[in-house]
Amino acid sequence: MKFVHLQCQTVFSLLKSACKIDELVVRAKELGYSSLAITDENVMYGVIPFYKACKKHGIHPIIGLTASIFSEEEEKSYPLVLLAENEIGYQNLLKISSSIMTKSKEGIPKKWLAHYAKGLIAISPGKDGEIEQLLLEDKESQAEEVARMYRSMFGNFYMSLQHHAIQDELLLQEKLPEFTSRINIPVVATNDVRYINQSDALVHECLLSVESGTKMTDPDRPRLKTDQYYLKSSDEMEALFSHVEEAIYNTVEIAERCRVEIPFHVNQLPKFPVPANETNDTYLRRVCEEGLQKRYGTPKEVHIKRLNHELNVISSMGFSDYFLIVWDFMKYAHENHILTGPGRGSAAGSLVSYVLEITDIDPIEYDLLFERFLNPERVTLPDIDIDFPDIRRDEMIRYVKDKYGQLRVAQIVTFGTLAAKAAIRDIARVMGLPPRDIDIFSKLIPSKLGITLKDAYEESQSLREFIQGNLLHERVFEIAKRVEGLPRHTSIHAAGVIMSQEPLTGSVAIQEGHNDVYVTQYPADALEELGLLKMDFLGLRNLTLLENIIKFIVQKTGKEIDIRNLPLQDEKTFQLLGRGDTTGVFQLESGGMRNVLRGLKPNEFEDIVAVNSLYRPGPMEQIPTFIESKHGKRKIEYIHPDLKPILERTYGVIVYQEQIMQIASKLAGFSLGEADLLRRAVSKKNRDILDQERKHFVQGCLQNGYDETSAEKIYDLIVRFANYGFNRSHAVAYSMIGYQLAYLKANYTLEFMTALLSSAIGNEDKIVQYIRETKRKGFHVLPPSLQRSGYNFQIEGNAIRYSLLSIRNIGMATVTALIEEREKKMFEDLFEFCLRMPSKFVTERNLEAFVWSGCFDDFGVSRTNLWKSLKGALEYANLARDLGDAVPKSKYVQGEELSFIEQLNKEKEVLGFYLSSYPTAQYVKLAKELEIPSLAQAMRHKKKVQRAIVYITSVRVIRTKKLQKMAFITFCDQNDEMEAVLFPETYIHFSDKLQEGAIVLVDGMIELRNHKLQWIVNGLYPLEEMDVYEEKKDASVYVKLPSQYEKKLLNQVTKILFDYSGFAKVLIYYEKEHKMVQLSRSLSIHPSEECLGALREIVGEENVVVKI
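Given below as structure tokens:
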């Protein structure tokens, strides 16, 4: 090979290149290249995947960077291609990229660049380079000065010859040979590769438009002028530069000199600072022994033995510093009253973690295995993930950054990619599709997680029809497929934090992050391959919830709750769990989980651990067996009696991975380390591995005296459950959070609901759900108050005061200004409020939100009059700010009050729901008189015809497979919400009544479907159509049944009664028996002429009488 590409940008030059790394390397291999360079713009994002792809395909990787070099004289940046000649050069690339991405996005100043020049080869990159620009402007002396400067700086400096069929490059080809010869600088042939194949030029042009927010029709959009920026073959490049053979030869010579080997799996664990007379091992042991005394008082032999075993393993694997680092920042959390989770993952199985107060789960009490966490027979970095309250996670990251140094701690980059819908939207926009067509195109992509455009095309006939036959749609779709999956932007990993002994820029480039914490340019998997320590600092909303509940308990009762030492046999807690009353309870609040809890009736903590582990796809099928066995409805059988001690707590069902390990250890004589390897191997379901491990397991069982048949059956059991088994350490830890929340909900309900509501600020649907539950539990939710409300929901007496931040259009800055002003002096009236508040926060929209939410109810003026006074209040405030006391205070406008419903709807506009009352509230008295149940009462009687007065909140109409229309609706009353369905035969009759916001009398039957109660609607009757009968609610309809047709007619009459549900009671006179019977209120009717006519048609004109 006579030529090597030295200037290639990949998709990691975000939206500036269309070269996917794997495709680029494969194409290079096809073209016969043995070396290839990566030179992305200012970033090193793609280096590790590029390096690995090249190694995989037998290509020598050249690691480079197209760096922006800032000219301070011109205050302008120019690109410069830098290639790493060796490891020193590679590290300098990391530092140059880091400098640009953390200090100056415009580029690295030349004076800084000089410090990082060692080990690098520099190439002026073509017509956009500083020297080339000077030559094109006929400034040869200045160009010569810059060229000599770079040659002096790097020692290895080349001028690039390029041929993309651009006029400026042809001019440079004339000027450069003489220029470079005169100052003795070599030339090198390059092609600025931005896409792989020539046919991809349009794809790349679209990407540039996506990046710049332009359209392909914009004449000034950024674009490359020709289609020559592809990965050309060696023959093509040699033909282009046949007149300058030296330029071709130099590419090979440079490639030979660039020899970088990136070291993987090098332990880069930070060293924890220990006292002068200690090693990390001895210091860890001393801290652990102190913790052992603190945890147990007088530890037993089992504790001492287990601790020694774990410390020996940790020391032998070189992880003492790791545990000390985690211990140290957890100590900081405890000392600063930052609530931490009881544990996460397999780390909860470590006694060392427990005595260091990294976790709060006693692994001996809960029979957890250290080897599931740290296996001496499988050396990998330990993995301790820590949960903190989500609002205090940044505080913890800041602590480790301050302790170990800003350059040794960083968060981790992630890449947002162009998923299917995003690719379609972006490409459709730049190709000029109208917004309506873009929406249609996007919506035709099935909303399935991870779906590709190829899969979408195969699945959706509508999508195919939209594309086929329309050339523009076809082109958009084809280009979108080419850009699908490309990285579009960077963001920050939700949890990961990297820590290093040496400055990170020795092994990874960094970029600007948040709160003075840098972000790595390599993603998590690459960092772990490099041997860097990754820890997950997770922000858990439920820990914030716990913290706030505890604060509310102290505020209301004065009690300090020790959340880490709650009684685990609290009767009220298990009663709550048995009712499925688990809204807001971590891991236990889904509808399906509630049904499981109702069936299980847990009465010990182990039940919660088990159900958390079983409630997943796969093991879920074991739940009925588990419940039946717990309640003695099913006999528990064991393949061998020795399984009983291991499986007894889970009623004979393998629930945990640790149980598989214990079985292998007890029966087959495996060490726990070997047992963990068996568990991992068997879960892969590889037939060869399964057969190999079977022999190993059965042989071990035989050596321990078990018969072959039992051994085979037990191995089959292990294989069956290997994929289903859950990490018990994690299950115990997370179940503890669930139990803690359930305990607080059962014993401190008001405090729990107040904190839960605060946790939902910003989520109106959740707030509605939680307020309904609060009311069901007998607590009032008070409207927001100008004088008493705060940022969050708060306890006021035995009620909850609404949050100011949960009012629509009222932001944090407004609330902060309000509270600061209120602390000086309470507000007297609307006019004073408008005057005292900063004018930017006193807009008509803000004031309307305060009025209709009830915030200004404190002034003792009706909401209608407050609303009508807003304009005058604003005018008064504006004048009074300028003229002071000379302006007389305005008076409230008096006027006709808005109706009850109008005011409620205004309240809903600013809160998102009804708070002070409810549309159906005006019918509560009527419902009581007519014995119409509330939704809560109706829900207790499934499979029985019911009626209720409800408010329709949503309507969704669909078509069945037979193309018949049916509807799913949601309705509610004051306290409850329910989903309902109108099947086609019902929908036909009542479709015109299905209006969001309508108040209706609904009848039908409640059924349990998919673990949820659902109302099967038989009829819907808008109350506004029945208002004429409001004053006639005592009306009675008498129906006489002639004796000879009594039974037959009664069935027909009953059907009519169901069809015309209403408020008038019905009395049947049985002529044969001379007896009058009043029917159930559930059969009351709306005595319209249509209804009465239908009855008279059945029993005769003279046999139907209405009395009022």
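At position 652 of the sequence shown (counting the first as 1) the number is 653 in the working numbering, and the numbers step up by one without a gap.
Ideal Cβ positions, reconstructed from N, Cα and C, are used throughout, including at glycine.
This structure is a prediction, so every number in the text was calculated from the model and none was measured.
Inset, instruction - Between the Cα of residue 1112 and those of 890, 977 and 1058, spot the shortest distance and give me the residue it belongs to. - result: The requested residue 1112 is not part of the displayed model; the chain covers only 2 to 1109.
Inset, instruction - Determine the extent of the alpha helix (DSSP H) in which residue 1008 is found, giving its start and end residues. - result: Here residue 1008 belongs to no alpha helix (DSSP H); instead the beta strand (DSSP E) covers 1000-1010.
Inset, instruction - Measure the alpha-carbon distance for residue 719 versus residue 623 and round it to whole angstroms. - result: 15 Å
Legend entry - Pick from 21, 170 and 678 that is closest to residue 485, judged by C-alpha positions: 21
Legend entry - Pick from 306, 415, 735 and 110 that is closest to residue 543, judged by C-alpha positions: 735
Inset, instruction - State the DSSP-derived secondary structure class of residue 503, mapped to helix, strand or coil. - result: coil
Legend entry - Per DSSP, the bridge partner or partners of residue 1014: 1009
Inset, instruction - Would you kindly check if the distance between the Cβ of residue 355 and the Cβ of residue 363 is under 7 Å? - result: yes
Inset, instruction - Return the chain-ordered list of same chain residues with a C-beta closer than 7 Å to the C-beta of residue 562, the five sequence neighbours on each side being excluded. - result: 551 and 554
Legend entry - Outcome for residue 1066 when other beta-carbon atoms lying within 10 angstroms are tallied against a minimum of 16: buried
Legend entry - Segment limits, alpha helix (DSSP H) that includes residue 69: First-last for residue 69: 61-72, but that is the beta strand (DSSP E), not the alpha helix (DSSP H).
Legend entry - Cβ-based neighbour list, residue 12, same chain, cut-off 8 Å, excluding 5 preceding and 5 following: 18, 19, 20, 21, 22, 47, 487 and 488
Legend entry - Ordered list of alpha helix (DSSP H) runs contained in the region 61-133, each at least 4 residues: 88-103 and 111-114
Legend entry - Beta-carbon proximity of residue 155 to residue 123, cut-off 7 Å: yes
Inset, instruction - Thinking residue 972 and residue 979 are a contact (beta carbons under 8 Å), I'd like their distance in whole angstroms, please. - result: 6 Å
Inset, instruction - For the region 111-122 and the region 77-91, state whether three or more C-beta atom pairs, one from each stretch, are separated by less than 8 Å. - result: yes
Legend entry - Whole-Å CB distance - residue 195 paired with residue 225, under 8 Å assumed: 7 Å
Inset, instruction - Name, in chain order, the residues that DSSP records as bridge partners for residue 624. - result: None; residue 624 has no bridge partner.
Legend entry - For residue 39, the residue or residues it bridges with in DSSP: 64
Legend entry - Same chain only: Cβ atoms within 8 Å of residue 1050, ignoring 5 sequence neighbours per side: 1042, 1043, 1099 and 1100
Legend entry - CB of residue 537 within 7 Å of CB of residue 386, strictly: yes
Legend entry - residue 795, enclosing alpha helix (DSSP H) - first and last residue: Unbroken run through residue 795 is the beta strand (DSSP E), 795-797; no alpha helix (DSSP H).
Legend entry - Residues of its chain near residue 713, where Cβ-Cβ distance is below 7 Å and the 5 sequence neighbours each way are ignored: 699
Inset, instruction - Could you tell me whether the Cβ atoms of residue 415 and residue 494 are closer together than 7 Å? - result: yes
Legend entry - residue 717 versus residue 692: straight-line alpha-carbon distance, rounded: 11 Å
Legend entry - Distance, residue 897 Cα to residue 1029 Cα: Because the pLDDT of residue 1029 is 42, which lies under 50, any placement of that residue in the model is unreliable, and the number read from its coordinates should be weighed accordingly. Going from the Cα of residue 1029 to the Cα of residue 897 covers about 25 Å.
Legend entry - Limits of the beta strand (DSSP E) - the one that residue 538 falls within: 534-541
Inset, instruction - Let me know the secondary structure DSSP gives residue 915 once reduced to three states. - result: coil
Inset, instruction - Identify which residue in 608, 135 and 407 has its Cα closest to the Cα of residue 630. - result: 608
Legend entry - Distance between beta carbons of residue 809 and residue 1133, contact taken as under 8 Å: Within the shown structure, residues of the chain are numbered from 2 to 1109, placing residue 1133 beyond reach of any answer.
Inset, instruction - Note down, in chain order, each residue of its chain lying with its Cβ closer than 8 Å to the Cβ of residue 1093, except the 5 sequence neighbours on either side. - result: 1038, 1105 and 1107
Inset, instruction - Report all residues from its chain with a CB closer than 6 Å to the CB of residue 984; omit the five preceding and five following residues, and keep chain order. - result: 967
Legend entry - Per-residue DSSP class, three states only, for residue 9: strand
Legend entry - Simplified DSSP state of residue 488, which is helix, strand or coil: strand
Inset, instruction - Leaving out five residues on either side along the sequence, give the residues of the same chain with a beta carbon under 8 Å from the beta carbon of residue 97. - result: 66, 68, 83, 109, 114 and 117
Inset, instruction - Can you give me the Cβ contacts of residue 909 inside the same chain, cut-off strictly under 7 Å, excluding the 5 residues immediately before and after it? - result: 915
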